[in-house]
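**Q** Pasting a structure here, questions to come.
There are 2 protein chains.
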Amino acid sequence: MSDSGPASTPISALGEFGLIDRITRDFHTWQASTLYGVGDDAAVLDYGGELLTLVSTDLLLEGIHFDLMYTPLKHLGYKAVVVNLSDICAMNGRPTQITVSLGLSSRFPVEAVEEIYAGIRAACDAYQVDLVGGDTTSSKSGLLVSVTAIGQVAREKVTWRRGARPGDLVCITGDLGAAYLGLQLLEREKQVFLSQPDLQPDLEDQKYIVGRQLKPEARVDMIAEFARKELVPTAMIDISDGLASDLLHIAKASGTGVILEEANIPVHEESRLMAFRFQLDPTTCALSGGEDYELLFTVDPGDLEKVRFLPDTYIAGEITEASEGCYLHSAGGHRHLLRAQGWDHFNPEDQGKS
Amino acid sequence: MSDSGPASTPISALGEFGLIDRITRDFHTWQASTLYGVGDDAAVLDYGGELLTLVSTDLLLEGIHFDLMYTPLKHLGYKAVVVNLSDICAMNGRPTQITVSLGLSSRFPVEAVEEIYAGIRAACDAYQVDLVGGDTTSSKSGLLVSVTAIGQVAREKVTWRRGARPGDLVCITGDLGAAYLGLQLLEREKQVFLSQPDLQPDLEDQKYIVGRQLKPEARVDMIAEFARKELVPTAMIDISDGLASDLLHIAKASGTGVILEEANIPVHEESRLMAFRFQLDPTTCALSGGEDYELLFTVDPGDLEKVRFLPDTYIAGEITEASEGCYLHSAGGHRHLLRAQGWDHFNPEDQGKS
Numbered sequence: 002m003s004d005s006g007p008a009s010t011p012i013s014a015l016g017e018f019g020l021i022d023r024i025t026r027d028f029h030t031w032q033a034s035t036l037y038g039v040g041d042d043a044a045v046l047d048y049g050g051e052l053l054t055l056v057s058t059d060l061l062l063e064g065i066h067f068d069l070m071y072t073p074l075k076h077l078g079y080k081a082v083v084v085n086l087s088d089i090c091a092m093n094g095r096p097t098q099i100t101v102s103l104g105l106s107s108r109f110p111v112e113a114v115e116e117i118y119a120g121i122r123a124a125c126d127a128y129q130v131d132l133v134g135g136d137t138t139s140s141k142s143g144l145l146v147s148v149t150a151i152g153q154v155a156r157e158k159v160t161w162r163r164g165a166r167p168g169d170l171v172c173i174t175g176d177l178g179a180a181y182l183g184l185q186l187l188e189r190e191k192q193v194f195l196s197q198p199d200l201q202p203d204l205e206d207q208k209y210i211v212g213r214q215l216k217p218e219a220r221v222d223m224i225a226e227f228a229r230k231e232l233v234p235t236a237m238i239d240i241s242d243g244l245a246s247d248l249l250h251i252a253k254a255s256g257t258g259v260i261l262e263e264a265n266i267p268v269h270e271e272s273r274l275m276a277f278r279f280q281l282d283p284t285t286c287a288l289s290g291g292e293d294y295e296l297l298f299t300v301d302p303g304d305l306e307k308v309r310f311l312p313d314t315y316i317a318g319e320i321t322e323a324s325e326g327c328y329l330h331s332a333g334g335h336r337h338l339l340r341a342q343g344w345d346h347f348n349p350e351d352q353g354k355s
Numbered sequence: 002m003s004d005s006g007p008a009s010t011p012i013s014a015l016g017e018f019g020l021i022d023r024i025t026r027d028f029h030t031w032q033a034s035t036l037y038g039v040g041d042d043a044a045v046l047d048y049g050g051e052l053l054t055l056v057s058t059d060l061l062l063e064g065i066h067f068d069l070m071y072t073p074l075k076h077l078g079y080k081a082v083v084v085n086l087s088d089i090c091a092m093n094g095r096p097t098q099i100t101v102s103l104g105l106s107s108r109f110p111v112e113a114v115e116e117i118y119a120g121i122r123a124a125c126d127a128y129q130v131d132l133v134g135g136d137t138t139s140s141k142s143g144l145l146v147s148v149t150a151i152g153q154v155a156r157e158k159v160t161w162r163r164g165a166r167p168g169d170l171v172c173i174t175g176d177l178g179a180a181y182l183g184l185q186l187l188e189r190e191k192q193v194f195l196s197q198p199d200l201q202p203d204l205e206d207q208k209y210i211v212g213r214q215l216k217p218e219a220r221v222d223m224i225a226e227f228a229r230k231e232l233v234p235t236a237m238i239d240i241s242d243g244l245a246s247d248l249l250h251i252a253k254a255s256g257t258g259v260i261l262e263e264a265n266i267p268v269h270e271e272s273r274l275m276a277f278r279f280q281l282d283p284t285t286c287a288l289s290g291g292e293d294y295e296l297l298f299t300v301d302p303g304d305l306e307k308v309r310f311l312p313d314t315y316i317a318g319e320i321t322e323a324s325e326g327c328y329l330h331s332a333g334g335h336r337h338l339l340r341a342q343g344w345d346h347f348n349p350e351d352q353g354k355s
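These protein sequence lines are chains H and A, in that order.
Each residue of the first sequence is one higher than the last, beginning at 2 in my numbering.
Each residue of the second sequence is one higher than the last, beginning at 2 in my numbering.
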């Protein structure tokens, strides 16, 4: 390996976001078309047409982001696309194209690659996006999928993380925590299988939470609803790291505080039951679980009537002044400091968590 | 691993291009903005503005595409960007933005990541492109870099692989074979070092060919020259797999034959000397070596005068009717069938070649 100098700081000392801050701070912006680069769900590019172009990219690695013992290859292909489309949605955009690069070790036959692409194609068909490029190469170890998604958004509709203002309502689509609980269940079944290979896992009763982990969806339907209701959120992010971490991203970028109402955080009944079986707090699963790929957005209080009639949307808090800090108002009436406890894949303790 | 059915075809049986054909053939095109997807150097997207948008992506994996024993991390970052910019050039476009995803095992400290990004930044500054996104994640094994490049091209200037016509002149920029010979030299020095660690390698005399391997450049300068001369090539590709393979791509896509003049293939004097020292044929290095990232393009014979005054450009053949086949006319006066012998990373014999 090349000599990288005497200093040797482990990446875990900075964490993912600290590392990104450190390595991107010295970059210039050369192109007038770059409206916004690193730091939101997607880059925003202005090529002079009526619409702005959005770009987002994600890298999924075997053993870090997925475990092939319980992840069918077709689902993996589907999910790799969806998590990128979700980032385009988080800017209030419509995904249009993707590129996909695959790295594969020699243990994967052509039929396995076809399974992955069957999942990619299913996602392309479901979301009407086009696969327009990629790279396929052998790998010395394991499987990796790198997806870049491109989308479009009208100039006046692009939503940033930074647009929330005190008084705005905090809204959440769908329900939270199920993807994390699905992962816990799959991990437990894997351990059972490893110790007693004859036992067949029975996941039939947990289709909902397992499905939320293995086959998440991007909320393009909500973006279409916003357009129908002529609602433009003041800020938006997709919930990939967990509600707490992603809400703090909005508050930090917007320079505000926030108060979140525990009683109004949407958690599915099956998630609640599974949380109790695992002796986990359902709220903690929603706050820190991640991978739900729901939308977290804020709206002007004047838009309350529009939000009220949105399907599958929950008002769960309010943006406050920065000086008021970021808090969870618990169902029991207490105030807890909101902390990002989403997983950090550079933290050895978190490896394999997702 | 998930069950992928009883069939088990090794990927090497299809090769990279066969695999891509097989997995992409069932995809639909949903978006009117997708002018062209998989199959050229970059996808071509039409978002309604004055310019078309180009997208290209490449994945570089440790142990497959680079060896950290002789690849400085800064050079790796630079090269990962350049190979993608080269694809944008091959469409006659101007690169404007990139995204970069990195996977890193825990053996890489923060300082190593900074070295890689120093190279990425050097390329961004040299080519005035903006880093607008990416993903950084830990990896179970080794280093990987996935880059997506975006560019712009005027509608009437986009050059495809498929545009060559019988009678067109075949042109090559720069010189070929040096990157391959640089790799051979680095591989030899690695073996010497592994067997005799006390011997210091002396690469000073071979700066040119080693530089061509470790720090290639994208020919954005030639794209600017074309614009100045008001020359639009009829077809273009960048030489990444080797002259033979890439010229056959143009002939196949255009439905033509081609005759290549060995005497006119540009090979640098230092490459010639090194080829003789390795007992290799310099022409074979140019035809099959790859990684030169020069431009291979065809022009209408009416544009001969424009090409004559292009800097660093060599006329090395002519496009013929498909029925005449694809041949190399050797310096000795013989005709040889042109065969793609670029390396295939799914072929075990080619692994580690680049």
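The beta-carbon is built from N, C-alpha and C at its ideal position, and this holds for glycine as well.
Helix, strand or coil: how does DSSP classify residue 19 of chain H here?
**A** helix
**Q** Using a Cβ-Cβ cutoff of 9 Å, what residues of the stretch 117 to 136 of chain H are near chain A? List them in chain order.
**A** 117, 118, 119, 121, 122, 125, 126, 128, 129, 130, 131, 132, 133, 134, 135 and 136
**Q** Between residue 217 of chain A and the rest of its own chain, which residues show a CB-CB distance below 8 Å, the 5 nearest in sequence each way excluded?
**A** 80, 83, 84, 87, 180, 292, 293 and 294
**Q** Terminal residues of the continuous alpha helix (DSSP H) containing residue 159 of chain H?
**A** Element bounds for residue 159 of chain H: n/a, residue is neither H nor E.
**Q** Quick check: the stretch 16 to 34 of chain H against the stretch 16 to 23 of chain A, are at least 3 beta-carbon pairs closer than 8 Å?
**A** no
**Q** Using the C-alpha atoms, what's the distance from residue 290 of chain A back to residue 339 of chain A?
**A** 14 Å
**Q** Please tell me whether, using a cut-off of 7 Å, the distance from the CB of residue 175 of chain H to the nearest non-hydrogen atom of the ligand MG is below it.
**A** In the structure shown, the ligand MG is absent, as is every other ligand, since no ligand is present at all.
**Q** With residue 96 of chain A as the anchor, note down where its beta strand (DSSP E) starts and where it stops.
**A** 95 to 105
**Q** Under a three-way DSSP split, which group does residue 350 of chain H fall into?
**A** With a pLDDT of 48 at residue 350 of chain H, under the threshold of 50, the predicted position of this residue should be treated as unreliable, though the coordinate-derived value follows. DSSP places residue 350 of chain H in helix when its eight states are reduced to three.
**Q** In the DSSP assignment, the alpha helix (DSSP H) including residue 244 of chain A goes from what residue to what residue?
**A** 244 to 255 is the extent of the alpha helix (DSSP H) around residue 244 of chain A.
**Q** Assess, as a yes-or-no matter, whether the stretch 153 to 164 of chain A is touched by the stretch 51 to 68 of chain A under the definition of 3 or more beta carbon pairs within less than 8 Å.
**A** yes
**Q** Classify residue 41 of chain A: buried if its beta carbon has 16 or more other beta carbons within 10 angstroms, exposed otherwise.
**A** buried
**Q** Using only the alpha-carbon positions, how far apart do residue 246 of chain H and residue 326 of chain H sit?
**A** 14 Å
**Q** Short check: CB of residue 392 of chain H to CB of residue 149 of chain H, under 8 Å?
**A** Only positions 2 to 355 of chain H appear in this structure, which leaves residue 392 of chain H out of reach.
**Q** Any idea if residue 75 of chain A is buried or exposed, counting beta-carbon neighbours within 10 angstroms, 16 or more meaning buried?
**A** buried
**Q** What does the alpha-carbon distance come out to for the pair residue 145 of chain A and residue 304 of chain H?
**A** 46 Å
**Q** By the criterion of Cβ-Cβ separation under 7 Å, what are the contact partners of residue 59 of chain A in chain H?
**A** Ordered by position in chain H, the residues that pass the 7 Å Cβ test against residue 59 of chain A are 136.
**Q** Could you give the uninterrupted runs of the beta strand (DSSP E) lying entirely in the stretch 131 to 158 of chain H, keeping only those of 3 residues or more?
**A** Fully enclosed beta strand (DSSP E) runs of 3 or longer: 131 to 139 and 145 to 155.
**Q** Output the residue ranges of the beta strand (DSSP E) runs that lie fully inside the stretch 290 to 316 of chain H and measure 3 residues or longer, sorted by chain position.
**A** 295 to 300
**Q** Taking CB distances under 8 Å as the criterion, tell me whether residue 27 of chain A reaches chain H.
**A** Contact of residue 27 of chain A with chain H is assigned, a C-beta pair being separated by under 8 Å.
**Q** Can you pull the chain A residues whose beta carbon is under 7 Å from the beta carbon of residue 65 of chain H, in chain order?
**A** 138, 139, 140 and 141
**Q** For residue 91 of chain A, return the contacting residues in chain H, with the cut-off set at a CB-CB distance below 7 Å.
**A** Neighbours of residue 91 of chain A on chain H: none; closest Cβ ~13 Å, over 7 Å.
**Q** Just mark residue 195 of chain H as buried or exposed, buried being the case when its beta carbon has 16 or more other beta carbons within 10 Å.
**A** exposed
**Q** Give me, in chain order, the residues of the same chain whose beta-carbon lies closer than 6 Å to that of residue 279 of chain A; leave out the 5 immediate sequence neighbours on both sides.
**A** In its chain, beyond the 5 residues on either side, 185 have a beta carbon closer than 6 Å to the beta carbon of residue 279 of chain A.
**Q** Using a C-beta to C-beta distance shorter than 8 Å, which residues of chain H count as neighbours of residue 160 of chain A?
**A** Here the premise fails: no neighbours, minimum Cβ distance about 17 Å.
**Q** Could you check which residue in A:112, A:175, A:164 and A:336 has the C-alpha nearest to that of residue 222 of chain A?
**A** A:175
**Q** Taking DSSP as the reference, what is the three-state secondary structure of residue 218 of chain H?
**A** coil
**Q** Using only CA atoms, which one of H:134, H:162, H:334 and H:112 lies nearest to residue 147 of chain H?
**A** H:134
**Q** In angstroms with no decimal places, state the Cα-to-Cα distance between residue 311 of chain A and residue 228 of chain A.
**A** 11 Å
**Q** Can the beta-carbon of residue 45 of chain H be found closer than 8 Å to that of residue 21 of chain H?
**A** Contact: no.
**Q** In angstroms with no decimal places, state the Cα-to-Cα distance between residue 77 of chain A and residue 65 of chain A.
**A** 13 Å
**Q** Taking the alpha carbon of residue 47 of chain H as the point to measure from, which residue in A:33, A:97 and A:25 has its own alpha carbon closest?
**A** Closest in alpha carbon position to residue 47 of chain H, among A:33, A:97 and A:25, is A:97.
**Q** Can you find a C-beta in chain A that's less than 8 Å from the C-beta of residue 217 of chain H?
**A** no
**Q** Which residues bound the alpha helix (DSSP H) around residue 278 of chain H?
**A** 270 to 278
**Q** Report yes if the C-beta distance between residue 126 of chain H and residue 337 of chain A is below 8 Å; otherwise report no.
**A** no
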